[in-house]
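Chains as they are written, first to last, in our numbering: chain A, 1282 to 1809; chain B, 189 to 467; chain C, 44 to 383. Here a beta-carbon is modelled for each residue, glycine too, at the ideal position from N, C-alpha and C. Here the structure is laid out as structure tokens; the discussion comes afterwards.
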Amino acid sequence: MNRREFAKLSLAAGAMGITGFPLGITRSAGQAGGTLNTIIQPEPPILVTALNQQQPTLTLGGKIYESLLRYDFDLKPLPGLAQSWEVSEDRKTYTFKLYPNITFHDGTPLTADDVIFSVTKLLPETHARARGIFVRVESAEAPDPLTVVFKLKTPFAPFLGAFDCTTAPIVPKHIYEGTDYRKNPANQKAIGCGPFKLKEWVRGSHVHLVKHEGYYRPGEPHLDEIIYRVIPDAASRSVALEQGTVQLTQWSDVEAFDVQRLAQLPNVSMTTKGYELFAPHQWLELNNRIAPMNDKRFRQAVMSAIDRKALLQRVYFGLGKVATGPVSSKTRFYEKDVKQYEYSLDKAKALLDDMGLKPGPDGKRVSIPYLVPPYGEIYQRAAEFIRQSLGRVGIDVQLQGTDIAGWAEKCGNWDFSMTMNLVYQLGDPAIGVSRTYISSNIRKGVLFSNTAGYSNPEVDRLFEEAAVATSDDKRQELYSAVQKILVEDVPIVWLIEQDYPNFTDKRLKNVITTAIGVHETFGAVSFG
Amino acid sequence: MDTLKAFLRHPTGMIGLVILVAVLALAAAAPVLFPDSPWDMVGAPFQPPLSEGLLLGSDMLGRDVAAGIAYGARVSLMIGIAATLAAVLIGVVIGAVAGYFGDKVDDAMMRLTELFQTIPGFILAILLVATLGPTLTHVVVAIGAVSWPPVARLTRAEFLRLRGREFVQAAVCQGQPPLVVVLRHILPNALSPIIVTGSLTIATSILIESALSFMGLGDPNLMSWGFMIGASRTVIRQAWWMSVFPGIAILLTVLAINLVGEGLNDTLNPRVARKVRAA
Amino acid sequence: MSMSASAVSGGRGAAIVLPIVGWVAKFVGVVLVIATFNFILVHAAPGDPVQVIASQSGAADAKLLAQLRAEYGLDKPYPVQLAIYLKRVVTLDLGYSYRQQRPVRALIAERLPATLLLTATAFLIALTAGVVLGVLAGVRAGRWSDTLLTIVSLLLYAMPVFWLGLMLVLLFSVKLDWLPAFGYVTIGVEMSPLQRLGDIAAHLVLPATSLAAVYLAIYARLTRSSVIEVMHQDFIKTARSKGLTQGNIIARHILRNAILPVVTVAGMQAGALVGGAVVIETVFAWPGLGRLIYDAVLQRDYPVMLGIFLVMSVIVIVLNLITDAIYRLIDPRVALRAAS
């Protein structure tokens, strides 16, 4: 799901507070100090990332909560709270050594017990994505206060990829143990161990973060404070960036149609890096249970009938690239040597003819409803584009409008023929990709499962083996094989690897440095 | 015939009629003028008006704005008329029941009408379309559901007036059942003000439809003027023509219907002229 | 209409008391009926708010869904939920928003000032400008300025309010760059309270004008026709023969009589005015209740939808009450009766 787009619409109002926050843009030259003004949109309901994983929560909470590791753009682990780590021969034991002198915002030292509590107790209760990974932990031990040892039931290759601050934020055990996590009054204070702590949150206006003096990395954070402003209106966000009143925008803060214009501004630079962990994949989902979508030839015809390059240019304003298969080229284990679907109406028509789906007197072969996700204009335009494209080969697409709840329910309960979806790859195919294709994940009522209903025992086997394989070479081999099968079968019509622009003030340094980009802790960010 | 002659001599009514006929002609000729679907991406995106083959320019997907306006005329008129029929049907039934039976029934019916007039109608329409789902039928139902109270009030007033007339009393005394009295004797005499109100309701229905579509609550399969304006909002800096022309289309159509309605009003029943305008 | 009727039928000493009792009764009745109606409507619709929350966290499973459902009391039967809801409405507790994790009352309270500011400004513009233009046209009936007013008001009456708003943005913001196009205040600029006031006023001009336009047209035409009517009545001719000046006559006699139908119609159209505010808030990104309800509808945030619809209806009732009071103040007949 495109949380960003969703957020925009769902909350769009967000609430623009009437109280204006006096804006001291302290533009200090030099290495240390200064205030970073940026945007949070929509306003998150809560800042505790362990309890809520909506995108704005993760962006803001990333400054407050930290985890054991960070990941570079190629998703290779870097030290986080853990200064070093070891993986055993059998790939079942993971040992992390923590940095000394880590403290929470309330002054309490962070120890191995807090890590074990967060990973094995709290997160499996509150964080659906983390639950899927950390249930595999058989035991966790702390031989000393700075060492954590996790033992897995079976090898699970992506385990080492699950310790970024959006997946495994570490929370203080002394505050949460034995309480009702969601109702704990400390949630309002958002006590983590990140470089910034919550000073003030004026609902509808801004969230004010200030430097955590006891941060464990010497000299960090460089900034004195970060102010996240709630600016619900897209046009106002662009203006704020143009005028320099904010020095950073992320996700869809700047709408696609405005990106090219703003990229010309002299005072800002633009990058689309920093979304590698998420690697949002935009696709057309076909319900594989229903005729004619249950026929591979039909799905291949759809793939050929859509001019995805034109779609990218006209609807997405060129932000992204055409997807070639189930795995994003930005993430690990991508295989580019797969069947190519060039835009060809003749090929599409031939496939449809071949399956006996002949055009009627009105030129229509079949009529299919298309559930338009209510996540804003881009989805609407894309739906219109796809309807016209498929209309050219005789597939009559009828758009159905719906609200967010209606879309979520229909999609989750398989009550659709055709719809669009945006799904994150989450750093490893075993976490973010296989869930869409393996038959064991056909779960009614659950979004982001195998809602298309594709089922192929060979695919199931390959994904399963790859998840527990212990060497990357072996995994690549298995994932390459499964990608070839999937691209041949087209259970999903992959459209676009969507890019999101980060605009940063040219004086800002070290903003986008890891695979989670703007969700990172920002300890190293500085002006000048 | 006299009425027709009177209307033909009504200057603003005739101006309205001429515009309305032009809009109707455009709607009827849409498939001939623009054989391609208005959704087809026929040209380059963001072409200004008078570009090659694009009289009124193209939108962000390269769709012909002129084609959208021609097909939008069909949608606007169709929804305007259908919703008005629904509103008139509800309004006449409620007004007739209230006016014919009077007393407690009248009281109850008028309370209902009053309630519907108190509720912000457009918000109710939004709620209805959003919850039922944005399809042609639901849009018509929603507009009908919020447009009937003026018709009901008018019908009630007419019925109260006619109820006491001798020919109606005579029919009642002869033992004719209420339905017959209503359909044979009262309704035909109350028809002309209802027609006038109905014609003006078409105009407001078109406006409500355009506002719903503007907010993204129109049927996504129908190219409508409100939808075109809604889609143009974010790109208003790049493409003024995308919002200007559909708006002019709505303006002219609604204006024409209002002028025709007032012309009808002046010629059909000068007596209730003020009342209708106030409703 | 309804209020003017009650105003006329209200008897002597009861002229003040009875309407208030009646209004309170009507008020409570309307609120309860609307609340029930809303509740049925939104629960008849497909879509589960829990799915929405889950859909935003990137991963969802049965456990999370059940947790959320229990958390928000959505596992209870509908009649129980309705009873709970009505009981709360009576105590002015509008519930809790699942999506925004805040009390609905707080959400509404935060947005209400913006909507009230917008509608009140629009209403005042429409009323004053409408009456002034109407009187001017009425006393010059038949001249070119009168004809111009008639044409302009016909055009405004036929114009979709959101389109007018966009055209004003195109002219005054995009082309001329005189006024801000969107929003409520300029974001992130340090200002003194006075400057801030001016800033809000600048942001208010376009949306309030767009919203006022159609009512301005209606009021102007109404005023015009009643001015023409009044001018031909005997007491005006008498006043003129007594040697009163034109300005005096207008102020004393014509205006008072001509404004009555305007007040009546203004009361009737309060609902439309509030509805128009929803569209205008969408056009101008004005952070009021209109945008809040639009977003709430999209995400099936039941308590917010119900709460705003109720509050909007209450605003309409209050506006009705105000116009009723104005009517009583200026209608010489009502004033006379109350005095005797």
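Assigned exposure category for residue i - 16 Cβ within 10 Å defines buried
i, result
"Tyr121(C)", "exposed"
"Gln1779(A)", "buried"
"Leu443(B)", "buried"
"Gly1473(A)", "buried"
"Asn1702(A)", "buried"
"Arg1518(A)", "buried"
"Leu410(B)", "buried"
"Gly286(C)", "exposed"
"Ala157(C)", "buried"
"Phe355(B)", "exposed"
"Cys1446(A)", "buried"
"Lys1454(A)", "buried"
"Asn1791(A)", "exposed"
"Phe1398(A)", "buried"
Residue from the options with nearest C-alpha to residue i
i, options, result
"Met298(B)", "Ile383(B), Gly287(B), Pro308(B)", "Gly287(B)"
"Gly1693(A)", "Thr1717(A), Leu1633(A), Gly1708(A), Phe1477(A)", "Thr1717(A)"
"Val281(B)", "Pro338(B), Gly231(B), Ser239(B)", "Pro338(B)"
"Trp1775(A)", "Ser1670(A), Ile1766(A), Ser1730(A), Val1608(A)", "Val1608(A)"
"Ala254(B)", "Ile267(B), Gly201(B), Thr272(B), Val230(B)", "Val230(B)"
"Ala1515(A)", "Leu303(C), Met274(C), Gly226(C)", "Gly226(C)"
"Leu388(B)", "Gly268(B), Ala419(B), Phe433(B), Arg351(B)", "Gly268(B)"
"Tyr1622(A)", "Trp1482(A), Leu1632(A), Phe1614(A)", "Leu1632(A)"
"Leu1332(A)", "Phe1385(A), His1800(A), Trp1564(A), Ile1451(A)", "Ile1451(A)"
"Ser1730(A)", "Ala1591(A), Arg1595(A), Gly1413(A)", "Gly1413(A)"
"Leu395(B)", "Lys280(C), Val76(C), Tyr200(C)", "Tyr200(C)"
C-beta contact flag for residue i and residue j at 9 Å
i, j, result
"Tyr1346(A)", "Ser1533(A)", "no"
"Ile271(C)", "Gly138(C)", "no"
"Val1678(A)", "Gly1687(A)", "no"
"Gly1708(A)", "Tyr1556(A)", "no"
"Leu1404(A)", "Ala1411(A)", "yes"
"Tyr262(C)", "Ala165(C)", "no"
"Tyr1352(A)", "Ala1363(A)", "no"
"Pro237(B)", "Phe433(B)", "yes"
Per-residue DSSP class, three states only, for residue i
i, result
"Gly1311(A)", "Any answer about Gly1311(A) is weak, because its pLDDT of 41 lies below 50 and its placement is not dependable; what the coordinates show is given next. Correct three-state label for Gly1311(A): coil."
"Arg1662(A)", "helix"
"Ser1698(A)", "coil"
"Ser1365(A)", "strand"
"Leu447(B)", "helix"
"Lys1373(A)", "coil"
"Gly1601(A)", "strand"
"Met348(C)", "helix"
"Val1678(A)", "strand"
"Trp1811(A)", "There is simply no residue 1811(A) to check, as chain A begins at 1282 and stops at 1809 in what is shown."
"Asp1786(A)", "strand"
"Trp386(C)", "Only positions 44 to 383 of chain C appear in the structure, and residue 386(C) is not among them; the question remains open."
Residue i beta carbon near the ligand GTP (any heavy atom closer than 8 Å)
i, result
"Phe415(B)", "Within the structure as shown, the ligand GTP is missing, as the structure has no ligands at all."
Proximity test, Cβ basis, 9 Å: residue i and chain D
i, result
"Ala254(B)", "Of the chains in the structure shown, none is chain D; the protein chains are A, B and C."
Own chain, CB closer than 6 Å to residue i, minus 5 neighbours either side, in chain order
i, result
"Arg148(C)", "Leu137"
"Arg341(B)", "none"
"His326(B)", "Val317, Leu320"
"Glu450(B)", "none"
"Pro1640(A)", "Arg1646, Gly1675"
"Asp1576(A)", "Met1636"
Same chain, Cβ closer than 7 Å to residue i, neighbours up to 5 away in sequence not counted
i, result
"Ser216(C)", "Leu222, Pro223, Ala224"
"Lys1434(A)", "Arg1417, Glu1419"
"Ala330(B)", "Ala313, Leu316, Val317"
"His246(C)", "Pro223, Gly226, Tyr227, Val228"
Close-in-space but distant-in-sequence residues of the same chain around residue i (CB under 8 Å, 5 per side omitted)
i, result
"Phe1338(A)", "The residue you asked about is not Phe; residue 1338(A) is Thr in the sequence shown. Around Thr1338(A): Pro1325, Pro1326, Ile1327, Leu1328, Val1329, Thr1330."
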